[in-house]
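Undergrad: Attaching a single structure in structure tokens format; questions to follow.
There are 2 protein chains.
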Amino acid sequence: MLESLLRTGGAFRPILARETKLTEASISRILSELRKENIVEEVRRPAPYIGGPTALITLSKNVAVAGIELSNNRLSVGVGDLTGTLDYVDRMPVSGQLGQDEFERLFRESVVTMQEWADRRGTHLSQAAVAIPGYGRGAASNPIFPWDMARVTRFIEETFGDVPVAVTNAVVAQAAFHRYSSTGAYPVASDHLFLFVGHGVAGVIVDETTPVDAFSAFELGHMVIQRDGLACRCGHRGCVEAYTSLRAISTIIGVPDRDILNKGDSFIEMLDLGGGTREALRERLFLLGLGLGNALNLHPLSSVVISGWPSLMPPEDQLAIVDGLNESLLGGYDANRLVLSFIAPSIGNDPRAALYYAAYCFVRSGGLDPRTDTQTALEEIA
Amino acid sequence: MLESLLRTGGAFRPILARETKLTEASISRILSELRKENIVEEVRRPAPYIGGPTALITLSKNVAVAGIELSNNRLSVGVGDLTGTLDYVDRMPVSGQLGQDEFERLFRESVVTMQEWADRRGTHLSQAAVAIPGYGRGAASNPIFPWDMARVTRFIEETFGDVPVAVTNAVVAQAAFHRYSSTGAYPVASDHLFLFVGHGVAGVIVDETTPVDAFSAFELGHMVIQRDGLACRCGHRGCVEAYTSLRAISTIIGVPDRDILNKGDSFIEMLDLGGGTREALRERLFLLGLGLGNALNLHPLSSVVISGWPSLMPPEDQLAIVDGLNESLLGGYDANRLVLSFIAPSIGNDPRAALYYAAYCFVRSGGLDPRTDTQTALEEIA
DNA sequence: GCACGATGATTACACAATGTAAACATTATC
DNA sequence: GATAATGTTTACATTGTGTAATCATCGTGC
Chain A
1 MLESLLRTGG AFRPILARET KLTEASISRI LSELRKENIV EEVRRPAPYI
51 GGPTALITLS KNVAVAGIEL SNNRLSVGVG DLTGTLDYVD RMPVSGQLGQ
101 DEFERLFRES VVTMQEWADR RGTHLSQAAV AIPGYGRGAA SNPIFPWDMA
151 RVTRFIEETF GDVPVAVTNA VVAQAAFHRY SSTGAYPVAS DHLFLFVGHG
201 VAGVIVDETT PVDAFSAFEL GHMVIQRDGL ACRCGHRGCV EAYTSLRAIS
251 TIIGVPDRDI LNKGDSFIEM LDLGGGTREA LRERLFLLGL GLGNALNLHP
301 LSSVVISGWP SLMPPEDQLA IVDGLNESLL GGYDANRLVL SFIAPSIGND
351 PRAALYYAAY CFVRSGGLDP RTDTQTALEE IA
Chain B
1001 MLESLLRTGG AFRPILARET KLTEASISRI LSELRKENIV EEVRRPAPYI
1051 GGPTALITLS KNVAVAGIEL SNNRLSVGVG DLTGTLDYVD RMPVSGQLGQ
1101 DEFERLFRES VVTMQEWADR RGTHLSQAAV AIPGYGRGAA SNPIFPWDMA
1151 RVTRFIEETF GDVPVAVTNA VVAQAAFHRY SSTGAYPVAS DHLFLFVGHG
1201 VAGVIVDETT PVDAFSAFEL GHMVIQRDGL ACRCGHRGCV EAYTSLRAIS
1251 TIIGVPDRDI LNKGDSFIEM LDLGGGTREA LRERLFLLGL GLGNALNLHP
1301 LSSVVISGWP SLMPPEDQLA IVDGLNESLL GGYDANRLVL SFIAPSIGND
1351 PRAALYYAAY CFVRSGGLDP RTDTQTALEE IA
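Those protein sequence lines, which keep their order, are chains A and B. Counting with this note's numbering, you get residues 1 to 382 for the letters of the first sequence. Counting with this note's numbering, you get residues 1001 to 1382 for the letters of the second sequence.
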């Protein structure tokens, strides 16, 4: 119910009432509760119209949450408040072949450093979130970090001790951040697939009616689209990722994979250097479209938002995705039935997504004391 | 809440209380309501243990629902009660190339005949359900019947007039019937994918926490697994269906597609006739496994139930599916992580699945009068 | 500078759904 | 036929919500 506050980053009461489908009376009661617990604040504002509302409701800056993001390059730790302010950041480089023990050592170290900072400031963490690429349900093996995910989860929870912590897939956090954080400028508002093409190729089905923490990753990267095709790090052949990941295209454009996304606009200029470079990349986009069409056949959606290197490509090249869709999507690509949008990859924003996700989890738990929460979780398991 | 009654086909109160996570007090109150409306009945039974419950709660036989199933071969209409009894059945042969106008004519005729029967018996229909292969969300084109699905839905609703009617995908109805109807003998109890390989290849993710009427079809059939592969009726090439549908294998075993599933046990005997027949079918099962693995990468599940011709194959041949999974499923096939089961295709059971689905929809609406229901539906749309 | 109108915010009250706990009912066994 | 064990119902308290009345706030216009 106060999820919408997090989404909008502050709203007037009538708007809240509409969003939550509650009466203003209920809003009033709930807000007075939340004010007591210092979770929301009211700022006086001149009314936007005659007789209009006077107080803008925002989430409190007194609640501190932590976000930790693991990527191919680094482990980022951040502490901030519910409004998105980042008060503490710590980034440590990590290797792509990070082992589980090494990860645990680094992670514990980072968390301890962060806790010390928090203690010095007298800040109490209300929630933490950890975003890991490829993290998935159950003990399903992670193609990126071949770890025992149950052990990772247990380890993370122990490391945080009393602080409630949520572990999620990096792409889920990223999608939630893009879609629901108040940065605006997100291309679609309805249910859609958010697809990120980076070191892996993963997406999330962003369903407006489902709470963000129920989202689960949509691992498109390891769909086999070419029998006996290129070898993939997962051990199979012909996966989407083997053709379209940063590593796969880095050999085409001759730029180390970790630098590609940083190039931003200069990316396009690089393309025309090599003779068949653009053509080769178009072929890769075609394959991405083919896999995407397959995925959409399984799970029909009318909108897809793509982030990652394909969103840096010139629009005429992005059309190669459409060609791929035309070979797999039932009924072919039809602009009336499917909207394709692109959003620039967010570089150096880590660990904002995890932080946002932590804020979301905190807000969703309703700001109750951790004890109650754990109990609910236990009941769900039982 | 009384969904569980439909699932179990009758239960004692303590069991209901556990299933619905309500107190026995609440159960008591709710049951007294439902008894007033003649939706449930209580039958005296000897207590199963000392001090045990004495009255078995069952759904009333006074509520009549209708189910209509369209398949490649025929249109089946049935009327029955909530306990699964089928009081009226009417089956009409249809052609596989049924046009939309022709369908509407046949459908209207069947419904009128059924209504006349109901009127003669003084039966009032409380709910109807129509199951159509390939029926899907939105106006997504149906690869089996290339109709305007919005128009079909509208037509069906108009034909039934006052009777609330639900239109759904045939495989959804089938999965719900197999899984939740009290026939028992369903191989798994947890979340899983029910996959039916018939004229099409479609599945449903049977999620225990989701209401059956929110299930949506998982169209595996048109995943392209072979670029420039066999032509499929959908217009693309290399779809799973082009390799594994009844039509596809009918050319291998030399039996008309509509007869294959009827063969039952004699199916195996036919296999050894032709020299490479079994080998060819194993190749097809391999491709099914490949596509299935791709689907499970997108949507991880620990259990899959397969129905259709593959479930008639000898177990050693079914292993070809595992070979396919090993080439696409992340981490390969592992019996600890994925349970594959087979269930015999239900032939001649139509329109039991649609009837069950109708019962489900009725029960889910809580037996309220249709007016209230429509309003709720309208609100959900808005 | 002050009354007015429009809207927002709060509060009292009614109502519905549920859990708790106590009272009451049923049945097999001794 | 008393007893023990369990099932069933009822009274009461609690919670969350909507309705509607009341109070508050602000821009406008005289």
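Don't be surprised by glycine CBs; every beta carbon is placed ideally from N, CA and C.
1. When the Cα of B/A1231 is compared with those of B/E1219, B/P1345, B/F1218, B/A1248, which residue comes out closest?
2. Cα separation between B/V1065 and B/Y1088?
3. Nearest to A/V171 by CA position, among A/L288, A/E283, A/A354, A/R237, is which residue?
4. Please list, in chain order, all residues of the same chain as A/G308 whose beta carbon is under 6 Å from its beta carbon, the five residues on each side excluded.
5. Measure from the alpha carbon of A/L340 to the alpha carbon of each residue in A/E69, A/S303, A/L287, then state which is nearest.
6. Could you have a look at B/L1220 and say whether DSSP puts it in helix, strand or coil?
7. From the beta carbon of B/C1361, is the nearest beta carbon of chain A less than 9 Å away?
8. Given B/L1002, which residues of its chain have a CB within under 6 Å of its CB, disregarding the five upstream and five downstream residues?
9. If I follow the unbroken beta strand (DSSP E) through A/M92, where does it start and stop?
10. Buried or exposed for A/V40, going by 16 or more other Cβ atoms inside 10 Å?
11. Would you identify the three-state DSSP class for A/C361, choosing helix, strand or coil?
12. Rank B/G1324, B/N1294, B/C1239, B/K1061 by C-alpha distance to the C-alpha of B/L1082 and give the top, closest one.
13. Residues bridged to B/L1059 by DSSP?
14. Provide the residue(s) that pair with A/C239 in DSSP beta bridges, ordered along the chain.
15. Using a Cβ-Cβ cutoff of less than 8 Å, which residues in the same chain neighbour A/E24 once the five nearest sequence positions on both sides are dropped?
16. To which residues does DSSP link A/I132 through a beta bridge?
17. Select from the stretch 278-300 of chain A all residues with a C-beta closer than 7 Å to any C-beta belonging to chain B, and list them in chain order.
18. For A/R364, would you say it is in contact with chain B, using Cβ-to-Cβ distances shorter than 9 Å as the test?
19. Starting from A/S341, follow its DSSP beta bridges and name the residues at the other end.
20. Would a check of beta-carbon distances place B/F1012 closer than 9 Å to chain A?
21. Just to check my reading of the structure: A/L220 and B/L1298 have Cβ atoms closer than 8 Å, yes? What is that Cβ distance to the nearest angstrom?
22. State the beta-bridge partners of A/D81 as determined by DSSP.
23. Taking the Cβ atom as the reference point for each residue, do A/T244 and A/P314 lie within a distance shorter than 9 Å?
24. Quick one: does A/V224 have its CB under 9 Å from some CB of chain B?
25. Using beta-carbon positions only, say whether B/A1129 and B/A1358 come within less than 9 Å of one another.
26. Quick check on B/H1178: does DSSP put it in helix, strand or coil?
27. By DSSP's criteria, B/F1194 is part of a beta bridge. Which residues make up the other side?
28. Suppose you measure from the CA of A/L378 to the CA of A/N336; what does that come to, to the nearest Å?
29. Given this structure, state the Cα-to-Cα distance separating A/A11 from A/T54, to the nearest angstrom.
30. Interface residues of chain A around B/S1328 at Cβ under 9 Å?
31. Among the residues of its own chain, which have a CB less than 7 Å from the CB of A/N349, if the five just before and after it don't count?
32. Between the stretch 1095-1106 of chain B and the stretch 1141-1152 of chain B, are three or more C-beta pairs nearer than 8 Å?
33. Relative to the C-alpha of A/S181, which residue among A/T85, A/I205, A/E241, A/V204 is closest?
34. Spatial neighbours of B/G1067 within its chain, please: CB distance less than 6 Å, with the 5 preceding and 5 following residues excluded, ordered by chain position.
35. With 9 Å as the threshold, decide whether the Cβ of B/R1045 is near any Cβ in chain A.
36. Determine the DSSP secondary structure at A/Q97, reduced to helix, strand or coil.
TA: Checking against the coordinates, here is how it stands:
1. B/A1248
2. 11 Å
3. A/A354
4. F196, V197, G198, P345
5. A/S303
6. helix
7. no
8. V1363
9. 86-93
10. buried
11. helix
12. B/K1061
13. B/V1040
14. A/V224
15. R13, P14, A17
16. A/N169
17. L290, N294, A295, N297, L298, P300
18. no
19. A/V305
20. no
21. 7 Å
22. A/A64
23. no
24. yes
25. yes
26. helix
27. B/V1204, B/V1305
28. Confidence in A/L378 is poor, its pLDDT being 40 and thus under 50, which makes the residue's placement unreliable; the coordinate value appears in the next sentence. About 45 Å.
29. 11 Å
30. H222, M223, V224, H236, G238, C239
31. none
32. yes
33. A/T85
34. G1078, A1129, P1351, A1354, L1355, A1358
35. no
36. coil
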